[in-house]
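Trainee: In the numbering used here, the protein residues as written are 2 to 583.
Even for Gly, the Cβ is constructed at its ideal location relative to N, Cα and C.
The structure presented is a predicted model; accordingly, all values stated were derived computationally and were not measured.
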Ligand code: ADP
Ligand code: TPW
Ligand code: MG
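(1) The alpha helix (DSSP H) spanning residue 222 covers which residue range?
(2) Can you give me the C-alpha to C-alpha distance between residue 288 and residue 299, rounded to a whole angstrom?
(3) Spatial neighbours of residue 553 within its chain, please: CB distance less than 6 Å, with the 5 preceding and 5 following residues excluded, ordered by chain position.
(4) What span of residues does the alpha helix (DSSP H) with residue 544 cover, start to end?
(5) Whole angstroms is fine: what's the gap from residue 56's alpha carbon to residue 161's?
(6) Can you have a look at residue 72 and say buried or exposed, based on whether 16 or more other CB atoms are within 10 angstroms of its CB?
(7) Could you tell me if the beta carbon of residue 418 falls within a distance shorter than 7 Å of some heavy atom in the ligand MG?
(8) When the Cα of residue 213 is compared with those of 104, 319, 533 and 274, which residue comes out closest?
(9) Rounded to whole angstroms, what is the Cα-Cα separation between residue 575 and residue 355?
(10) What would DSSP say about residue 529, mapped onto helix, strand or coil?
(11) Tell me the rounded alpha-carbon separation between residue 247 and residue 169.
(12) Pull up the CB-CB distance for residue 89 and residue 44, whole angstroms please, since I reckon it's below 8 Å.
(13) Under 8 Å by Cβ, that's how I've got residue 156 and residue 29 pegged, so tell me the actual separation to the nearest angstrom.
(14) Name the DSSP beta bridge partners of residue 557, please?
(15) From the DSSP output, read off the bridge partner residues of residue 163.
(16) Could you check what DSSP says for residue 458 in three-state terms: helix, strand or coil?
(17) Using a Cβ distance threshold of 8 Å, determine whether the segment 358-373 contacts the segment 506-524, with at least three qualifying pairs required.
(18) Beta strand (DSSP E) containing residue 39: first to last residue?
(19) Using alpha carbons as the reference points, say which of 437, 351, 260 and 158 lies closest to residue 417.
(20) Short of 7 Å in beta carbon distance, which residues of its chain neighbour residue 12, apart from the five on each side in sequence? Order them along the chain.
(21) From the DSSP output, read off the bridge partner residues of residue 288.
(22) Ends of the beta strand (DSSP E) at residue 104?
(23) Identify, in the order they occur along the chain, each residue of the same chain with its Cβ nearer than 7 Å to the Cβ of residue 217, setting aside the five sequence neighbours on each side.
(24) Determine, using beta carbons only, whether residue 464 and residue 399 come nearer to each other than 8 Å.
(25) Taking the alpha carbon of residue 145 as the reference point, which residue from 536, 404, 402 and 163 has its own alpha carbon closest?
(26) Quick check on DSSP: helix, strand or coil for residue 148?
(27) Going along the chain, which residues of its own chain have a beta-carbon closer than 7 Å to the beta-carbon of residue 420, five neighbours each way excluded?
(28) Alpha carbon to alpha carbon, how far is residue 387 from residue 514? Give it in angstroms, no decimals.
(29) Three or more C-beta pairs under 8 Å: does that hold for the segment 446-455 against the segment 66-83?
(30) What alpha helix (DSSP H) runs, 4 residues minimum, are completely inside the segment 394-452?
(31) Which class does residue 20 belong to by DSSP, given the choice of helix, strand or coil?
(32) Tell me whether the beta-carbon of residue 560 lies closer than 8 Å to the beta-carbon of residue 491.
(33) Are there any heavy atoms of the ligand MG lying less than 7 Å away from the beta-carbon of residue 492, as far as the coordinates show?
(34) I think residue 176 touches residue 158, with their Cβ atoms under 8 Å apart; what is that distance to the nearest whole Å?
(35) In or out: residue 564 buried (at least 16 other Cβ within 10 Å) or exposed?
(36) What is the DSSP secondary structure of residue 9, reduced to helix, strand or coil?
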């Protein structure tokens, strides 16, 4: 004992004089306000997860890196700070890579940090543990990719990753940290001094006044103007400016899926219920943070009033976007406005002046009329109470629950489970709806639930197709482990799109789209201490959802849906070659 104290003191002195790679990474993240890591431990990053937690970063461990990655990507969308996903090398990296690509495609800021094996061995392909040239593989799907080889460069590496993720059009960034880097020690003072607190990581980008004028002149000339809000508008946190623009101009608007709630879906200018009327009828369309990709039928074809599949409908387009390259990607953009949405919309509102002309009354009346008819039709369908439940009768319940809990986050994936929820469940506040995004991917569900609960602290409601849920279902353990207020509703129709396909050969295998009949997903939740409920009627579903929200306990409701109720591919049957033939 007598000699122990001086030894500890000596060791302490040495430690204080130097700092290792692990610590520099943690300090660099913290210095930049990063407080949460979504990941999965293992060589060589296990100690990074431990030490990050010890240093006050919240480290959320997942059961599969893809789900950690999706969580990080949506945390980026919700917070405008890069979501951090941390994985091990080769297989862990590849599992996370899907989410990195997803972040880039959806314009979400995210950084995938993966440990990697020894460079000298990897580059000579000598067969290291989990050998892979991860940097090269990440590059095509990342907005940017960096590798840090020396401890003194960690500060620069993290700063570059942050800037690349959040500036301009946000995206996924890969940061490769070889195992050897973590163990490197350098002088502590020099190490700390090498860290960079990024100043103004996502600088405002002010639009050119002439671009604003061009856009407003076109907008004012319109007889049938329409505004389309995309998830870029939701990401921009410019809620007040966007409301001012819509209300001041009095122009009907259409929210894309994740822009729902930017203005409440019940707003009198919301044209969602008249979508198929306003798209072909509009003469000038202003896109705000929405791309003319497949989700908007590329701005042409029959959806837009064009004669054939590739014909333009004759609309003129204004596009507000931070990416100068986005305009003209599909059809001519007559008035591009390049800048960040907050600055652009603010500039437009200011330039409109006090007496802003309203759109012609005939246009507003026509839109309102279409809406009224469609809303009435939908109300009729929702009021039915068939047995077994169908998507409509179940979603009528979800619609009420979301209305009563407008702060709740809504996670949504599936085919019919997605399309019906999007059209039936109104949103009342910005950035509350998160879903399959630009790719229409299955698998984001449970990762999104974890991040939504952790970031917002609000109740999370997930409406999941039974197939969609399966992609990330094991993360219900994660939800239970962190005791998150997540209520998962599985629209269980026994399969992909429906549960009724048959094997044409008459053989023993079921059809590729069919699952175990009458599966009890609720039992899965009970296995980890959560609440599982089997609901066969709207009343049971309502009670279970109300209980879940009251208790904030992790809950999974297996909502039994008529297995004949869905349609092939949900609303995008047209993209499915075989369905088209039918
Ligand atoms: P949606 O799927 O909802 O139609 P998209 O993902 O297609 O939306 O489009 C989002 C667009 O928003 C992208 O083109 C992106 O460049 C843009 N964007 C993202 N953030 C901003 C921002 N802060 N300011 C301006 N544009 C942005
Ligand atoms: C990563 C293809 C699109 S929708 C879907 C699949 C498999 C599941 C639909 O069944 P679900 O919904 O969820 O039960 P419902 O209500 O219609 O029955 N792999 C990935 N992404 C996609 N989009 C697919 C496959 C697909
Ligand atoms: Mg299904």
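Mentor: So, from the listed chains and residues:
(1) For the purposes of this step, residue 222 is identified with residue 221 of the chain shown, where counting begins at 1. Run containing residue 222: 210-222, per the alpha helix (DSSP H) assignment.
(2) Position 287 of the chain shown, counted from the start, is the residue given in the question as residue 288. Position 298 of the chain shown, counted from the start, is the residue given in the question as residue 299. Their backbone Cα atoms lie some 12 Å apart in a straight line.
(3) As a first step, residue 553 must be located in the chain shown, where it is residue number 552. The residues are 486.
(4) As a working note, residue 544 is residue 543 in the chain shown. 539-552 is the span of the alpha helix (DSSP H), which, as asked, contains residue 544.
(5) On the chain shown, position 55 is the one that residue 56 refers to. On the chain shown, position 160 is the one that residue 161 refers to. Going by the C-alpha atoms only, they are around 23 Å apart.
(6) Translated into positions along the chain shown, residue 72 becomes position 71. Its Cβ being crowded by 16 or more others within 10 Å, residue 72 is buried.
(7) Numbered from 1 along the chain shown, position 417 holds the residue referred to as residue 418. Within the cutoff, so yes.
(8) Within the chain shown, numbered from 1, the residue matching residue 213 stands at position 212. Of the listed residues, the one whose Cα sits closest to residue 213 is 319.
(9) Your numbering for residue 575 matches position 574 in the chain shown. Your numbering for residue 355 matches position 354 in the chain shown. Approximately 45 Å, taken between the alpha carbons.
(10) Counted from its first residue, the chain shown places residue 529 at position 528. Three-state result, residue 529: coil.
(11) Position 246 of the chain shown holds residue 247. Position 168 of the chain shown holds residue 169. Computed Cα separation, rounded: 24 Å.
(12) Here residue 89 refers to the residue found at position 88 when the chain shown is read from its first residue. Here residue 44 refers to the residue found at position 43 when the chain shown is read from its first residue. Right, their Cβ atoms sit about 6 Å apart.
(13) Here residue 156 corresponds to residue number 155 of the chain shown, with the count starting at 1. Here residue 29 corresponds to residue number 28 of the chain shown, with the count starting at 1. Right, their Cβ atoms sit about 5 Å apart.
(14) As a position in the chain shown, residue 557 is number 556, starting the count at 1. DSSP output for residue 557 lists 489 and 533 as bridge partner(s).
(15) The residue you call residue 163 lines up with position 162 of the chain shown. DSSP lists no partner for residue 163.
(16) Along the chain shown, read from residue 1 onward, the residue named residue 458 stands at position 457. In the structure shown, residue 458 sits in coil (DSSP, three-state: anything other than H, G, I, E or B).
(17) no
(18) Numbered from 1 along the chain shown, position 38 holds the residue referred to as residue 39. Unbroken beta strand (DSSP E) run through residue 39: 37-40.
(19) Walking along the chain shown from the start, residue 417 turns up at place 416. Measuring from the Cα of residue 417, the nearest candidate turns out to be 437.
(20) Taking the chain shown and counting its residues from 1, one reaches residue 12 at position 11. Only weak support is given to the placement of residue 12: the predicted model assigns it a pLDDT of 46, under 50, and the question is left unresolved by the model.
(21) Position 287 of the chain shown holds residue 288. 229 and 320.
(22) Numbered from 1 along the chain shown, position 103 holds the residue referred to as residue 104. It is not in any beta strand (DSSP E) - residue 104 instead sits in the alpha helix (DSSP H) that spans 91-107.
(23) Stepping through the chain shown from its first residue, residue 217 is reached at position 216. Same-chain partners within the cutoff: 349, 352 and 353.
(24) Position 463 of the chain shown, counted from the first residue, corresponds to residue 464. Position 398 of the chain shown, counted from the first residue, corresponds to residue 399. Yes, these two residues count as a Cβ contact at 8 Å.
(25) The residue you call residue 145 lines up with position 144 of the chain shown. Comparing Cα positions, the closest option is 163.
(26) Here residue 148 is taken as the residue at index 147 of the chain shown, counted from 1. Three-state result, residue 148: strand.
(27) As a position in the chain shown, residue 420 is number 419, starting the count at 1. Same-chain partners within the cutoff: 571 and 572.
(28) To locate residue 514, count along the chain shown from 1; it is residue 513. To locate residue 387, count along the chain shown from 1; it is residue 386. The straight-line gap separating the alpha-carbon atoms of residue 514 and residue 387 is approximately 24 Å.
(29) Cβ pair count under 8 Å is three or more, so yes.
(30) Correct list: 417-425.
(31) Here residue 20 refers to the residue found at position 19 of the chain shown. Reduced to three states, the DSSP call for residue 20 is strand.
(32) Here residue 560 corresponds to residue number 559 of the chain shown, with the count starting at 1. Here residue 491 corresponds to residue number 490 of the chain shown, with the count starting at 1. A contact, by the Cβ cut-off of 8 Å.
(33) Taking the first residue of the chain shown as position 1, residue 492 is located at position 491. Within the cutoff, so yes.
(34) Translated into the one-based positions of the chain shown, residue 176 becomes position 175. Translated into the one-based positions of the chain shown, residue 158 becomes position 157. Between residue 158 and residue 176 the Cβ distance is about 6 Å, and since that is below 8 Å, they are a contact.
(35) Looking up residue 564 in the chain shown gives position 563. By the neighbour-count rule (16 or more Cβ atoms within 10 Å), residue 564 is buried.
(36) Start at 1 with the first residue of the chain shown, and residue 9 comes out as number 8. For residue 9, the predicted structure reports a pLDDT of 40, less than 50, and the residue's modelled location is therefore unreliable. The matter cannot be settled from this model.
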